[in-house]
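A.B. asks:
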Amino acid sequence: MLLKDGPDMPVSYRPDFAAFRHTVDRHEHGSKLRDHFMWPIVNQKDLSGPKLMLLLLNARGRLALPVFATVDYEGLWFGKATKGLHPEFLHNHTMIKHGAKNGEEYGGLIHWNSHPDAEEWVRTQRQFLPGDALLVLEVQESLMKFLLDFCHQILQEIPPDVIISDGYPVQPEPTLNMDSDASGFVSLAAITAETPYKRPAGLDLSHLATVRHRGMFVLKEKS
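Quick note on my numbering: the sequence shown kicks off at 5 and runs consecutively.
#1: Among the residues of its own chain, which have a CB less than 7 Å from the CB of M13, if the five just before and after it don't count?
#2: Nearest CA to the CA of G171: which residue from I162, G83 and E123?
#3: Entirely within the stretch 22-79 and at least 4 residues each: give me those alpha helix (DSSP H) ranges in chain order.
#4: What first and last residue would you give for the beta strand (DSSP E) that runs through G97?
#5: Assess, as a yes-or-no matter, whether the stretch 70-89 is touched by the stretch 138-152 under the definition of 3 or more beta carbon pairs within less than 8 Å.
#6: Give every residue of the same chain whose Cβ lies closer than 7 Å to the Cβ of M148, excluding the five residues on either side of it in the sequence, and list them in chain order.
#7: Quick one: grab the DSSP three-state call for F93.
#8: DSSP three-state call for H156: helix, strand or coil?
#9: Give me, in chain order, the residues of the same chain whose beta-carbon lies closer than 6 Å to that of W256; leave out the 5 immediate sequence neighbours on both sides.
#10: Give the DSSP-derived three-state secondary structure of L180 in the structure shown.
#11: For L113, does the three-state DSSP call read helix, strand or coil?
#12: For the candidate residues G83, G112, T179 and L89, whose alpha-carbon lies nearest to that of G55?
#13: From L151 to E92, what does the alpha carbon distance come to, in whole angstroms?
#14: By a C-beta neighbour count over all protein chains shown, 10 Å radius and 16 as the cutoff for buried, is K101 buried or exposed?
#15: Could you tell me the alpha carbon to alpha carbon distance between A193 and Y17, rounded to whole angstroms?
#16: Taking the CB atoms as reference points, tell me whether P134 and L113 lie closer together than 8 Å.
#17: Across which residues does DSSP place F132 in a beta bridge pair?
#18: Provide the residue span of the alpha helix (DSSP H) that contains I195, from first to last.
#19: Is A122 helix, strand or coil by DSSP?
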């Protein structure tokens, strides 16, 4: 099913790393393996597992695009740093992503002369430079299309216009068990692997407490 909607989907984990190692065609216009840098979380190894695709569908299906603006931008850092991606430049403008309340506000352009704080929003990373924001929009558009097509495959007996009708109301959010080791602590590796696919948590104190308690447990075992 994954390959039907994404026939060129990379096989390996972190395809952006693999693309960097295997191509020398990185220049001012980006890499021929641009897709690998744009969507590093979309790969067969991760999404064919038992949980990550479900986490991705749940998060993206329940929350609006502005919620994911930062995490999707952070996913591009390696491609930008290695020149696999090359954002376009538009001087003296800010593009609105954070805090947008509707489709008209999301991706709106503001000239620095038209708002006293527009330039400061970029400098403090509260909003985006247009080139970076356009990359984020491209990431989100393609990812949502991929997820929508995937859902239509699963629910192929239900017409698309019927799926969004009142006959199929939104269900309560499911609870997925966290992976834990023999000690009962949540695996740090599992937390790291799942984070890009889940709803952004900001400063997740429960996860920090888990990591802290796990470290204390390991130190106690070694003492």
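Ideal placement from N, C-alpha and C gives every residue a C-beta, glycine not left out.
C.D. replies: Walking through what the data contain:
#1: The sequence position of residue 13 within the sequence shown is 9, counting from 1. Once the five neighbours on either side are set aside, the close Cβ partners of M13 are L6, L7, V46, N47 and Q48.
#2: In the sequence shown, the residue the question calls residue 171 occupies position 167. For the residues I162, G83 and E123, the minimum Cα distance to G171 belongs to I162.
#3: Contiguous alpha helix (DSSP H) elements confined to the stretch 22-79 occur at 38-42, 48-51, 56-66 and 73-78, taking only those with 4 or more residues.
#4: As a first step, residue 97 is located in the sequence shown; it is residue number 93 there, counting from the start. As written in the sequence, residue 97 is His, which differs from the Gly given in the question. Per DSSP, the unbroken beta strand (DSSP E) holding H97 starts and ends at H97 to M99.
#5: Yes, the stretch 138-152 touches the stretch 70-89.
#6: The count along the sequence shown starts at 1 and reaches residue 148 at position 144. Excluding its 5 nearest sequence neighbours in each direction, M148 has C-beta neighbours in its own chain below 7 Å: R64, listed in chain order.
#7: Position 89 of the sequence shown, counted from the first residue, corresponds to residue 93. Three-state result, F93: coil.
#8: Counting from one through the sequence shown, the residue named residue 156 turns up at place 152. Helix, per DSSP.
#9: Outside the shown range of the chain (5 to 227) lies residue 256, about which nothing can therefore be said.
#10: Against the sequence shown, residue 180 aligns to sequence position 176. Residue state, collapsed to three classes: coil.
#11: Reading the sequence shown from its first residue, position 109 is the one you call residue 113. When secondary structure is reduced to three states using DSSP, L113 falls in the strand class.
#12: Translated into the one-based positions of the sequence shown, residue 55 becomes position 51. The sequence as given places Lys at residue 55; Gly does not occur at that position. The shortest C-alpha separation from K55 is found at T179.
#13: The residue given as residue 151 occupies position 147 in the sequence shown. The residue given as residue 92 occupies position 88 in the sequence shown. Across the structure, L151 and E92 are spaced so that their CA atoms are roughly 27 Å apart.
#14: In the sequence shown, counting from the first residue as 1, residue 101 sits at position 97. Result: buried.
#15: For the purposes of this step, residue 193 is identified with residue 189 of the sequence shown, where counting begins at 1. For the purposes of this step, residue 17 is identified with residue 13 of the sequence shown, where counting begins at 1. A193 and Y17 have their C-alpha atoms roughly 14 Å apart.
#16: The sequence position of residue 134 within the sequence shown is 130, counting from 1. The sequence position of residue 113 within the sequence shown is 109, counting from 1. Against a cut-off of 8 Å, the Cβ pair of L113 and P134 comes out as a contact.
#17: Here the question's residue 132 lines up with position 128 in the sequence shown. Assignment of beta-bridge partners to F132 by DSSP yields M99.
#18: Position 191 of the sequence shown, counted from the first residue, corresponds to residue 195. Start and end: L192 to E198.
#19: Taking the sequence shown and counting its residues from 1, the one referred to as residue 122 is at position 118. DSSP, reduced to helix, strand and coil, places A122 within a helical segment of the structure shown.
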